[in-house]
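For the sequence shown, position 124 (counting from the first letter as 1) is numbered 123 according to numbering that gives the first Met the number 0, and the numbering increases by one without interruption.
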Amino acid sequence: MAYVAGWDFHLKSAYTAEWLQWPMIAMNRWRMPLLFAISGIALCLSLPEHGRLPHTLRRCWRLLLPLAFGIVAVVSLQAYYEALDKGDVTPGLVRFLWRYWQFRPWPGAHFSGAAYGFTWNHLWYLTYLLPYTVLAVVLASLLRPLRGALPRWQIGDRLLGGLLLVLPVVWLAWALLVVMPHWPPTHALLDDLYVHAESLPLFLGGFLVARWQRGWDLLVRGRRLTLALAVLGLCLELGLRALARLPHAGNLDAWVLALRWGQTERIGRALYTWCMLLALFGWARVLLSPPGRARTIAARRCSAGTSCTRPC
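What follows is the structure in structure tokens.
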């Protein structure tokens, strides 16, 4: 991010390149959605039938510990260099940290979190997992007595696969077209409607399908189709972005310019995001699926391991 020209970040290098936008787009569209979906899967696989409250408290503690440590010991250093770069403070790391660890607002400062007195920067993922985890466990506990009373519809694989392919794309496209223009990402938890609209359904979806064997079988069978659709969606998004940068793009006929190219690009983005997730899970199921015990152990350890290494 520090080297991508035209993209905002806490610190920017003096050496940036515009071409880096293309591989970053190709990866960023599914990187965080994948983490939230995996986190939901891991929670389900580790959730016991009994003793859910102690398990949830332990899991929240395992999220809170790296989050608190990261805010105090890791992100504080990032905040210092960002504040230094923006001219908010004078050089002096010890003096800055003493002031920063008081968790008081910084009037007139412009670095991330100055209005609150601290920031979690790239650790926002752990922050969001806390309420998502509690919500998933509460919903699972409330709905567990109703499982036997729910109607069991017999849906064919083609119809079911089509619904699972189309409906999430429609939801993601709606979030991009309707929600994001009014509530852009902030990563501040309480006023981040777009990120919640994208991330929470993916987390809950992963939680719901973790033990759904039929769904995993459909993913494996459709992995080639979902990969092809993901490539199509990526080509649509990147292709429209590239066409918009042509020297004479503004000299086209009025009816061509009047077409909803921006909305089409967002739809391509939604198609790419969802189908890439399906393709990754489908191919991983075939190529990387470990035995049952190894999968259970991995599920218990997958949440906090990326906390200090994952970029924004």
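We put the CB at the ideal spot given by N, CA and C, even for glycine.
query                                                                                                                                                                                       : result
Can residue 195 and residue 127 be called in contact, C-beta distance under 9 Å?                                                                                                            : yes
Is it the case that the Cβ atoms of residue 113 and residue 123 are separated by a distance below 9 Å?                                                                                      : no
What did DSSP end up calling residue 4 once you bin it into helix, strand or coil?                                                                                                          : coil
How many whole angstroms separate the CB atoms of residue 82 and residue 68, which I take to be in contact at a CB cut-off of 8 Å?                                                          : So it is not a contact: roughly 21 Å between Cβ atoms.
Along the alpha helix (DSSP H) that carries residue 44, what are the first and last residues, could you check?                                                                              : 20-45
Closest to residue 16 by C-alpha separation, out of 164, 3 and 76, would be which residue?                                                                                                  : 3
Going by the DSSP bridge assignment, what does residue 16 pair with across the sheet?                                                                                                       : 3
Give, in chain order, every unbroken run of the beta strand (DSSP E) that is at least 3 residues long and sits entirely within the region 36-97.                                            : none
Please state whether DSSP places residue 310 in a helix, a strand or coil.                                                                                                                  : Confidence is the limiting factor: at residue 310 the pLDDT is only 49, short of 50, which leaves the residue's position unreliable, though a coordinate-based value still follows. Residue 310 falls in the coil class under three-state DSSP.
Evaluate the contact criterion for the region 162-176 versus the region 87-102: three or more CB pairs, one atom per stretch, below 8 Å.                                                    : no
How far does the alpha helix (DSSP H) with residue 227 in it extend, from its first residue to its last?                                                                                    : 222-243
Roughly how many angstroms separate the alpha carbons of residue 155 and residue 64, rounded to a whole number?                                                                             : 45 Å
From the DSSP output, in three-state form, read off residue 153 for me.                                                                                                                     : coil
For residue 260, name the three-state secondary structure that DSSP assigns.                                                                                                                : helix
Give every residue of the same chain whose Cβ lies closer than 7 Å to the Cβ of residue 33, excluding the five residues on either side of it in the sequence, and list them in chain order. : 276 and 279
Measure the C-alpha to C-alpha separation of residue 70 and residue 188 and round it to an integer number of angstroms.                                                                     : 15 Å
Between the Cα of residue 23 and those of 211, 237 and 261, spot the shortest distance and give me the residue it belongs to.                                                               : 237
Cα separation between residue 11 and residue 20?                                                                                                                                            : 14 Å
How far does the alpha helix (DSSP H) with residue 130 in it reach, from first residue to last?                                                                                             : 123-142
For residue 140, count neighbouring Cβ atoms within 10 angstroms of its own Cβ and tell me buried if that reaches 16, exposed if not.                                                       : exposed
Could you please give the first and the last residue of the uninterrupted alpha helix (DSSP H) stretch that includes residue 196?                                                           : 192-208
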